[in-house]
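Protein chains in written order, with the working numbering: chain S, 99 to 464; chain V, 865 to 1181; chain G, 106 to 405. In this text, a Cβ means the ideal position worked out from N, Cα and C, and glycines have one as well.
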Amino acid sequence: MAQVSLRRLTKTYDGGVAAVKAIDLEIADREFVVLVGPSGCGKTTTLRMIAGLEEVTAGEIRIGGEVVNDIPPRDRDIAMVFQNYALYPHMTVFENMAFGLKLRGFPREEIARRVDRAARILGLGELLDRKPKALSGGQRQRVAMGRAIVRDPKVFLFDEPLSNLDAQLRVQMRTEIKAVHQTVKTTTVYVTHDQVEAMTLADRVVVMNQGRIEQAGPPGELYANPATRFVAGFIGSPAMNMIPARLVPTAAALAVALEGGPTLPVPAERTARYAAHVGRDLLFGIRPEHVTEATRTDKPNLAPIDVTLDVVEPMGMETLVHFRLGRTSVCARVDPQAAGAPGEAMRLAVQMDRMHLIDPATDRVL
Amino acid sequence: MAPDGVSGTIARGEADVTVPRRRTGSLARLARRRSTIAFLLALPLILIIAGLVAWPATWAIYLSTLNRRMTASVGLDNYLFLIESETFRMVVWQSCFFAITAVLLKALIGFWLAHMLHTIPARGQRKWRGMLLIPWVIPPALSTLGWWWMFDPSYSSINWILNVFGFPSIPWLGTPWWARIAVVTVNVWYGAPFFMIMYLAALKSVPEQLYEAAAIDGATGLQKLLYVTLPMMRNIIAITVLFSLIVTFANYDIVRVLTNGGPRDTTHLFATYAFQVGILSGHLPRGAAVSLFMLPILAVAAFFILRGVSRRAREMM
Amino acid sequence: MDAATSAANRDFPKLYRRAGSLSRERAWALRAAYASLGFAAVIFLAPPVYMLITSLKTNAEMADQSLSPWFVREPTLEHYAAILGNPLFLGFFRNSIIVTLIVVAITMAVSVPAAFALSRMRFWGSTTLATGVFLTYLVPDTLLFIPLYQIVGSLGLLNSIWGLVLVYPTLTVPFCTWIMIGYFASIPKELDEAALIDGASWLQMLLRIFVPVALPGIIAATIFAFTVSWAAFVYPTAFITKPEAMPLTIGVVSQLVRGDTFAWGQIMAGALLAALPPVVVYVFLLDYYIAGLTAGATKG
């Protein structure tokens, strides 16, 4: 068990491509941290540097307080689960899990005891004599985790472990990974490009983009208060609507004038926060679930808008409706009963206390 | 190494100031260690390539400039002598005729058979493939003995069949042209199965969906061949043909066993002639010169193969 | 398709004519395929079959020109008995076995580690070396036998099977290394990373992960090395003139064929026996054999 800390960690490849740019991150003991971001954002490179599979260009990695930059992977006391499982095809499940222990010279009874325990945690008891070829995708995934568990390492590293599974299995394995972490409580760094995985698994989500950390925080915090335009757009599905807008002063307080749309009142408690940005070109950010049918009155600060529906997508428990405001296509989540047909007019309500204003010059959320 | 290593271990527990120096030292050492192991693993290979291929090839060039007793340099005299020799010009001509005819026939027959194999149900393919590859499996020096006996002037079993159908006997190895045809025939018999296997593997690698898409677009069988199969196989066809060109050009076994260059040196190839001049007649330098005449042609073929292989490697990524 | 276009299509019947029944077309294609394959099989198998027929004939039957050469009336094993009782021939066999086994061992010991180093552990000049391996494979033995004749001679190894053991690796090592590079390259990179994290050293990784995982490739390479060493002809012809040191290929061709009194039955029996080991290997390891054959061009 150990904390992991990255200080000014940098990776520049031979061709001069900077994959990771001086990131700082403190991961507490027993914490489950998920690195998430689009492909090429540097999350996998970061993980591989922690594992010792990539050399560090500059900066420092500490595991349990010890600087590990120069230590080869086998001496870092870490375990890793790979995207394609990387099970040794010529070894049985037992041998796969035992291999790392055998190379480290563990006595046979100890190996058997540990493999047994891991097999029990993961429900692999029946499969110990099988070869990986005879296993299903989910079982292979479990063996890969078992191989990590038996080592009882300081840190677990997961590199997109679920992306080779089909959708249903992915949900199931996600739950299992969480359950395993609650059992063994090992510090975990988990890389994924799937924001749902990140939100559901993490104690803390770290959103990366272009080699930098955009924002790190608990899932709910990232969802409710994204710090940057990138995080606002990346977390949440369907993505947050961003509509070009301008802040205008009104008699009482402030309002946002949407491009090609109405002017909506800003909640009074935000007047001070936004006062400095009056008159500037901004982006008005609002999640689809915060634009609903106007018949609802249970929320404060509802601002009505009248729109003409373009596309209507029934999802079952709710319906997504798309309409245009100026050049922007906007999505709203409404009750299936309330949704109209394409081409029809509809009155929607915007929950103004869930609004965000983004400065397009700095890409920061104000 | 040693003092540096010691200071490295001492520094391990110390303050951050020593970090950069220690890092570079240790990383470089790790990388150096890996390269050293890798180099040692590859060393026997390097020795074989350098000592038994690169060095002899270089030595051959030097050797070809010496006189018969290898006591003095004669410059390019060996080459000039060969260029002016009637027999050698025939060797050049026959080598080209042999290689080009044989490779073309092998490629065409191989392609046809591969296509036919690809047509029949997958269950039967293994059996046929196994049977048709037999000529390639028997050491050519030995199977050519069988052909020699089939071409025997008085007991030829091929002529017996011709006679049954009312054709006259053919003096297979007795006249220059029939001997040339015989040599090419044996080489095609031996090499066509190789082409068949290569093309079959390539045919199998063309995704079935492309054919289905072409069929829905209205392509006939011939159009599928022209617009789907051949473009997809272009690279592998080129590699196989060029590779076979090298091997056929440098062929030795078949001619040595079947005709030994005769009648009247009309079927000699570079290799058999080099053997005759260099080893049998004992003029090593001139023999070396004969085989070195192959070099330019081989180099051109090798260049294009290498290009094709790397291009294919890129496509497969 | 709306009404207008379907009407237009009907106006151009040539564009949309039916090409005939699918099943009938398929049946004809199959018939053509089987006919071609059958014809090819007859031609391809005729020489070895004829060799077998000849080897089973008595000398009297062979000499009788009134009989069909393609049938045996009184099969006899006398040629096989004679050739197997010939100490010279048994000597060829022994030489071939010794040379081939040693060369196969050397080849695998050289090419597997080298392929591992070249495909997984980049070092200075490793890409050049990989290209060099491939180029070496393209250099034919007939280009090298004269300088090698001198080199082997200067080592005093002419007329010795050890001369062959020395030079045969030039025939086998480049190709085996090349296909092993291909096989190793197809092993996912994550597998060695998992092994690194599990604590394996480079040698452990090679022996405990790569060798077992690439076993089909190793078998294919071994088969290749075996067949090539067994069938090698140019080098023994050039380096060996003493019958005692000859391997099978040159032995059968040069020693059994004497003057004009050809003992065809014995020659054919000897040639067939000499060809037997590679054919047996081929029959039992067909899939590996073909994998190795096609690997050179399709992998890497």
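Subject >> Residues near LEU1109 (chain V) by beta carbon distance below 7 Å, same chain, minus five either side >> reply: Position 245 of the second sequence, counting from 1, holds the residue named residue 1109 (chain V). Only ALA963, VAL967, ALA1165 meet the Cβ criterion.
Original post:
Apart from the five residues just before and just after THR327 (chain G), which ones in its own chain have a Cβ nearer than 7 Å to its Cβ?
Top reply: On the third sequence, position 222 is the one that residue 327 (chain G) refers to. Hits under 7 Å: VAL209, MET213.
Subject >> Proximal residues of chain G, C-beta to C-beta of GLY473 (chain S) below 8 Å >> reply: A question about residue 473 (chain S) goes unanswered here, because the residues of chain S that appear run from 99 up to 464.
Original post:
By DSSP, does ARG160 (chain S) sit in helix, in strand, or in coil?
Top reply: Taking the first sequence and counting its residues from 1, one reaches residue 160 (chain S) at position 62. Strand at ARG160 (chain S).
Subject >> Candidates V:SER1174, V:ARG1171, V:GLY1126: closest to VAL955 (chain V) by CA position >> reply: On the second sequence, position 91 is the one that residue 955 (chain V) refers to. It is V:GLY1126.
Original post:
SER1007 (chain V) touches chain G at which residues, Cβ-Cβ below 9 Å?
Top reply: In the second sequence, counting from the first residue as 1, residue 1007 (chain V) sits at position 143. Under the 9 Å cutoff, chain G gives PRO152, PRO153, MET156, ALA376, ALA380.
Original post:
Using a C-beta cutoff of 8 Å, does ARG106 (chain S) count as contacting chain G?
Top reply: Along the first sequence, one-based indexing puts residue 106 (chain S) at 8. No, ARG106 (chain S) does not count as interfacial toward chain G.
Subject >> Nearest residue (CA-CA) to ASP451 (chain S), options S:ALA370, S:PRO434, S:ALA401 >> reply: Residue 451 (chain S) sits at position 353 when you count from the first residue of the first sequence. When each option's Cα is compared against that of ASP451 (chain S), the closest is S:ALA401.
Original post:
Which two residues bound the contiguous alpha helix (DSSP H) that contains ILE1034 (chain V)?
Top reply: On the second sequence, position 170 is the one that residue 1034 (chain V) refers to. It is not in any alpha helix (DSSP H) - ILE1034 (chain V) carries neither H nor E in the DSSP assignment.
Original post:
Out of curiosity, what's the CA-to-CA distance linking VAL140 (chain S) and VAL272 (chain G)?
Top reply: Residue numbering aside, residue 140 (chain S) sits at position 42 when the first sequence is read from its first letter. Residue numbering aside, residue 272 (chain G) sits at position 167 when the third sequence is read from its first letter. Reading the sequence as shown, one finds Gly at residue 140 (chain S) and not Val. Spanning the two alpha carbons is a distance of roughly 51 Å.
Subject >> Contact set between SER823 (chain V) and chain G, taken where Cβ atoms lie within less than 7 Å >> reply: Given a span of 865 to 1181 for chain V in the structure shown, any question on residue 823 (chain V) remains unanswerable.
Subject >> Cutoff 8 Å: PHE317 (chain G) Cβ touching any chain S Cβ >> reply: Along the third sequence, read from residue 1 onward, the residue named residue 317 (chain G) stands at position 212. According to the sequence provided, residue 317 (chain G) is Pro. The question's Phe does not apply to it. Yes, because at least one Cβ of chain S sits closer than 8 Å to the Cβ of PRO317 (chain G).
Subject >> Other residues of its chain near PRO239 (chain S): CB distance less than 7 Å, five sequence neighbours each side excluded >> reply: Counting from 1 along the first sequence, the entry for residue 239 (chain S) is found at position 141. Checking the displayed sequence, the identity of residue 239 (chain S) turns out to be Gln instead of Pro. Excluding residues within five positions, the ones whose Cβ falls inside 7 Å are TYR183, PRO259, LEU263, MET271.
**OP:** My understanding is that ALA219 (chain G) touches THR282 (chain G), with C-beta atoms under 8 Å, so please give their C-beta distance in whole angstroms.
**Re:** Translated into positions along the third sequence, residue 219 (chain G) becomes position 114. Translated into positions along the third sequence, residue 282 (chain G) becomes position 177. ALA219 (chain G) to THR282 (chain G), Cβ: 5 Å. Contact.
Original post:
Does the distance from the CB of PHE250 (chain G) to the CB of ALA343 (chain G) come in under 8 Å?
Top reply: Locating residue 250 (chain G) in the third sequence gives position 145, where the first residue counts as 1. Locating residue 343 (chain G) in the third sequence gives position 238, where the first residue counts as 1. A contact, by the Cβ cut-off of 8 Å.
Original post:
Just by C-beta distance, which residues in the stretch 269-303 of chain G are closer than 7 Å to chain S?
Top reply: PRO293, GLU295, LEU296, GLU298, ALA299, LEU301, ILE302, ASP303
Original post:
According to DSSP, which residues form a beta bridge with ASN307 (chain S)?
Top reply: Indexing the first sequence from 1 puts residue 307 (chain S) at position 209. S:ARG310.
Original post:
Among residues of its own chain, excluding the 5 on either side of ALA299 (chain G), which ones have a beta-carbon nearer than 6 Å to its beta-carbon?
Top reply: Sequence index remark: in the third sequence, residue 299 (chain G) carries index 194 (1-based). Here the set comprises nothing.
**OP:** Determine, using beta-carbon pairs with one atom in the stretch 1062-1074 of chain V and one in the stretch 1094-1109 of chain V, whether at least three such pairs fall under 8 Å.
**Re:** yes
Original post:
Could you give the residue range of the alpha helix (DSSP H) that holds ILE1045 (chain V)?
Top reply: Here residue 1045 (chain V) refers to the residue found at position 181 when the second sequence is read from its first residue. Its alpha helix (DSSP H) spans residues 1040-1069.
**OP:** Express the C-alpha separation of GLN266 (chain S) and VAL115 (chain S) in angstroms, rounding to a whole number.
**Re:** Counting from one through the first sequence, the residue named residue 115 (chain S) turns up at place 17. Counting from one through the first sequence, the residue named residue 266 (chain S) turns up at place 168. Approximately 37 Å, taken between the alpha carbons.
Original post:
Checking contacts by CB at 8 Å: is MET1014 (chain V) closer than that to chain G?
Top reply: By one-based count along the second sequence, residue 1014 (chain V) stands at place 150. For MET1014 (chain V), the answer is yes, since a Cβ of chain G falls inside 8 Å of its Cβ.
Subject >> Straight-line gap, ASP392 (chain G) to GLY315 (chain S) (C-alpha atoms, nearest Å) >> reply: On the third sequence, position 287 is the one that residue 392 (chain G) refers to. On the first sequence, position 217 is the one that residue 315 (chain S) refers to. Their Cα atoms are separated by approximately 56 Å.
Subject >> Amino acids of chain G, ordered along the chain, whose beta-carbon sits closer than 7 Å to that of HIS291 (chain S) >> reply: The count along the first sequence starts at 1 and reaches residue 291 (chain S) at position 193. Within 7 Å Cβ-Cβ: nothing; HIS291 (chain S) doesn't reach chain G, min ~17 Å.
Subject >> Backbone CA spacing between ALA196 (chain S) and ASN1115 (chain V) [nearest angstrom] >> reply: Taking the first sequence and counting its residues from 1, the one referred to as residue 196 (chain S) is at position 98. Taking the second sequence and counting its residues from 1, the one referred to as residue 1115 (chain V) is at position 251. For ALA196 (chain S) and ASN1115 (chain V), the distance between alpha carbons rounds to 53 Å.
Original post:
Does the stretch 348-363 of chain G come within contact of the stretch 174-194 of chain G, defined as at least 3 CB pairs closer than 8 Å?
Top reply: yes
Original post:
Nearest chain S C-beta to LEU390 (chain G) closer than 8 Å, yes or no?
Top reply: Mapped onto the third sequence, residue 390 (chain G) falls at position 285. Chain S, which has no Cβ nearer than 8 Å to the Cβ of LEU390 (chain G), makes this no.
Subject >> chain V residues whose Cβ lies nearer than 7 Å to that of ILE395 (chain G) >> reply: Against the third sequence, residue 395 (chain G) aligns to sequence position 290. Under the 7 Å cutoff, chain V gives ILE1061.
**OP:** Show which residues of chain G have a CB atom less than 7 Å away from the CB atom of ARG206 (chain S).
**Re:** Counted from its first residue, the first sequence places residue 206 (chain S) at position 108. Ordered by position in chain G, no residue passes the 7 Å Cβ test against ARG206 (chain S), which lies about 17 Å from the chain.
**OP:** Can you tell me the Cβ-Cβ gap for PRO1040 (chain V) and THR900 (chain V), rounded? I've got them flagged as a contact below 8 Å.
**Re:** Reading the second sequence from its first residue, position 176 is the one you call residue 1040 (chain V). Reading the second sequence from its first residue, position 36 is the one you call residue 900 (chain V). Not a contact, Cβ separation roughly 60 Å.
Original post:
Closest Cβ-Cβ distance between ILE314 (chain G) and chain C: below 8 Å?
Top reply: Structure shown: chain C not included; protein chains present are S, V and G.
Subject >> GLN280 (chain S), buried or exposed, once every other Cβ within 10 Å from all chains shown has been counted against 16 >> reply: Counting from one through the first sequence, the residue named residue 280 (chain S) turns up at place 182. The residue in question, GLN280 (chain S), is exposed, as its Cβ has fewer than 16 Cβ neighbours within 10 Å.
Subject >> Interface residues of the stretch 954-984 of chain V facing chain G [CB-CB below 9 Å] >> reply: ILE973, TRP976, LEU977, HIS979, MET980, LEU981, HIS982, THR983, ILE984
**OP:** Between the Cα of GLU124 (chain S) and those of S:GLU158, S:ASP112, S:PRO360, spot the shortest distance and give me the residue it belongs to.
**Re:** Here residue 124 (chain S) is taken as the residue at index 26 of the first sequence, counted from 1. Closest option to GLU124 (chain S), Cα to Cα, is S:GLU158.
Original post:
Can you find a C-beta in chain G that's less than 8 Å from the C-beta of LEU260 (chain S)?
Top reply: On the first sequence, position 162 is the one that residue 260 (chain S) refers to. LEU260 (chain S) does not count as touching chain G.
Subject >> Same chain, Cβ closer than 7 Å to VAL1047 (chain V), neighbours up to 5 away in sequence not counted >> reply: As a first step, residue 1047 (chain V) is located in the second sequence; it is residue number 183 there, counting from the start. PHE962, ILE1118, VAL1119, LEU1122, THR1123, THR1131.
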